[in-house]
Amino acid sequence: MSEEILINVTPRETRVAVVENGMLQEMHVERALKRGYVGNVYKGRVSRVMPGMQAAFVEIGLGRAAFLHASDIFRAPTALPVDGVENGSSATPVPPINELLHEGQEVVVQVVKDPIGSKGARLTTHLSIPSRYLVLLPYSKVLGVSVRIEDETERARLKEMLVALAAEGGIGYIVRTNAEGQTSEALAEDIDYLGKLWIALRENIKRTQVGQCIYEDLALPLRALRDLMRKDVEKVRVDSHETYDKTIRFAQQFMPELVERIEHYPGERPIFDLYGVEDEIQRALKKDVPLKSGGYLIIDQTEAMTTVDVNTGAFLGHRNLEETVYKTNLEAAQSTARQLRLRNLGGIIIIDFIDMIDEEHKRQVLRMLEKSLLRDHAKTTVYDISPLGLVEMTRKRTTESLERQLCEPCPTCNGRGSLKTSETVTYEIFREITRAVRQFEAATLLVLASTKVVSKILEEESVAVAELEEFIGKTIRFQPEENYSQEQYDVVLL
1 MSEEILINVT PRETRVAVVE NGMLQEMHVE RALKRGYVGN VYKGRVSRVM PGMQAAFVEI
61 GLGRAAFLHA SDIFRAPTAL PVDGVENGSS ATPVPPINEL LHEGQEVVVQ VVKDPIGSKG
121 ARLTTHLSIP SRYLVLLPYS KVLGVSVRIE DETERARLKE MLVALAAEGG IGYIVRTNAE
181 GQTSEALAED IDYLGKLWIA LRENIKRTQV GQCIYEDLAL PLRALRDLMR KDVEKVRVDS
241 HETYDKTIRF AQQFMPELVE RIEHYPGERP IFDLYGVEDE IQRALKKDVP LKSGGYLIID
301 QTEAMTTVDV NTGAFLGHRN LEETVYKTNL EAAQSTARQL RLRNLGGIII IDFIDMIDEE
361 HKRQVLRMLE KSLLRDHAKT TVYDISPLGL VEMTRKRTTE SLERQLCEPC PTCNGRGSLK
421 TSETVTYEIF REITRAVRQF EAATLLVLAS TKVVSKILEE ESVAVAELEE FIGKTIRFQP
481 EENYSQEQYD VVLL
């Protein structure tokens, strides 16, 4: 599989695209005025403890208090780790929040989820600092290997190397997926780097004031190299010379074997246009996703969950209905996995596949979905098809979706996705007129409304207007306003 990482840099915005076999798979956006906070470490102060929620709100200088649950608060283990689980942490019941924190207490926390919608950031005191191949767990003694490395022989080899290198340090480490196939020297370099970084962090913790950032994660281009650069990535193309120099220096320090794959793109044509990325971004903001067979998906993101509806559309098939449905669902499973990753959709996801009768077809569709999700960097969990033909799944959400990053609710419909009909607004205006004349004295009433609504009233509801004038004993005038939305109107007393 051919994979490339494209980095597009402008003064106020940086974008990273992951392209596999010529198709956009992932899109990351970072703006200078609105950088994400995930991974950052802050010194905060507890502003409110809520025993009923087993949680606390912590002020960390983000404008909105962040959320810290009792289960995310570090407690010293009562014994050494056993089989990778520390006694006294997740193995024991969580004490009441008011035994762990009190209002006004200073606490060092790390952001694990950005503020999303009306919710503040999610915090933890279990600090974790990533490097190229490892994640440092300074308050833990666990030495583990990422579950994404499935080969048992490789897991055992990496675990053995990690224990030999880090067992005496008294600090925990997790081997990342990128470490697969790496040497002991590579892990040793990361341990040395993380050790020095942790010493500097501890000094910062002592000096930093409440509400200030102690440690900030890397900027997007370097973060993309650290998290997305794998052996099967053929090229990293950067269209900014300054950013290219930074990525080269970073790669020389942490991934020297991959330096030659990073190149500067000097072309006049924008790099995203060259790969068709801009068009893909525009398509990713639409609800409908066409399938090659003629079917299509409808993706609807709401506050509670994301729903994916599968339709056969123009696909008629060649054999019978069951075969048509099966092929459409197989293609939909692949497309859905790509869209979730591309649009960065997280939380609860419900996929409404077309009803299938054959149990083997159901298993194959589910298997295709799971297989297509394997390359997703976010953690996903897929459940069996329900009796209603729905597939429930979850995808870990740490940042806003692509749509929420690039778009805002429509000011006309306020994000509802629909407008009141001109007929509905007409009858609202009639009711408002009746209400106004009962409260105030006036000889004439002037109604300001959108051109479409005024046209409907004068052309189709003229009889109703005459009857209303006779009923209230007043003259009613209508004035179209081009700047008014369809639902907007004013009744003025003259």
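In the UniProt record's numbering, the protein residues as written are 1 to 494. Beta carbons: idealized from backbone N, C-alpha and C, even for Gly. Remember, it's a predicted structure, so these values are computed and weren't measured experimentally.
The residue from I129, G144 and L33 with its alpha-carbon nearest to that of V41 is I129. Here S2 is exposed, its C-beta having fewer than 16 other C-beta atoms within 10 Å. Listed as beta-bridge partners of M27 by DSSP are A17. DSSP places S401 outside both helix and strand once states are collapsed to three, so it counts as coil.
Across the set S462, R397 and N204, the C-alpha of S462 shows the shortest separation from the C-alpha of T426. Residue environment: H377 is assigned as exposed (fewer than 16 neighbouring CB atoms within 10 Å of its CB, all protein chains considered). In chain order, D190, Y193 and L194 place their CB closer than 6 Å to the CB of S131, counting only its own chain and leaving out the 5 sequence neighbours on each side. Assigned with DSSP and collapsed to three states, S71 falls in helix.
The three-state reading of DSSP puts Y37 in coil, since its state is none of H, G, I, E or B. Per DSSP, reduced to three states, the secondary structure at V94 is coil, with no helix or strand assignment. Of the candidates L127, Y215, L201 and Q212, L127 places its Cα closest to the Cα of I174. Contact check for I351 against T336 passes: the beta carbons are separated by less than 8 Å. The DSSP-derived three-state label of V142 is coil.
Partner residues in the beta bridge of F57, as assigned by DSSP, are R48 and F67. Contact annotation: L228 and L187 have beta-carbon atoms that are not nearer than 8 Å. DSSP places I357 in the coil class of the three-state scheme, outside both helix and strand. The shortest CA-to-CA distance from Y489 to any of L258, V453 and G347 is the one to V453.
Between I248 and E257, the alpha-carbon positions lie close to 11 Å from each other. With a 10 Å radius around the Cβ and a threshold of 16 neighbouring Cβ atoms, R438 comes out exposed. Of the other Cβ atoms in all chains shown, fewer than 16 fall within 10 Å of the Cβ of I199; this residue is therefore exposed. The C-beta of I357 has fewer than 16 other C-beta atoms within 10 Å across all chains shown, which makes the residue exposed. In the three-state reduction of the DSSP assignment, H241 falls in the helix class, which pools H, G and I. Under the DSSP assignment, A449 falls in the beta strand (DSSP E) whose first and last residues are T444 to S450.
DSSP, read as helix, strand or coil, puts Q488 in coil. With 16 or more other Cβ atoms inside 10 Å of its own Cβ, Q110 counts as buried. It is roughly 15 Å from the alpha-carbon of N204 to the alpha-carbon of I60. Secondary structure of T381 (DSSP, three-state): strand.
Contact holds between the stretch 216-234 and the stretch 10-28, because three or more Cβ pairs, one in each stretch, are under 8 Å apart.
Under the Cβ criterion (8 Å, minimum of three pairs), the stretch 381-398 does not count as touching the stretch 414-424. Straight through space, the alpha carbons of G169 and S184 are spaced by roughly 16 Å.
Taking 8 Å as the cut-off, the beta carbon of T10 is found no closer than this to the beta carbon of D72. Counting along the chain, T475 sits inside the beta strand (DSSP E) bounded by residues T475 to E481. The C-alpha of L33 lies about 41 Å from the C-alpha of R155. Counting along the chain, the unbroken alpha helix (DSSP H) around Y427 starts and ends at S422 to Q439.
For Q301, the enclosing beta strand (DSSP E) covers residues Y296 to Q301.
About 7 Å separates the beta carbon of T399 from that of N344, a gap short enough to meet the 8 Å contact definition.
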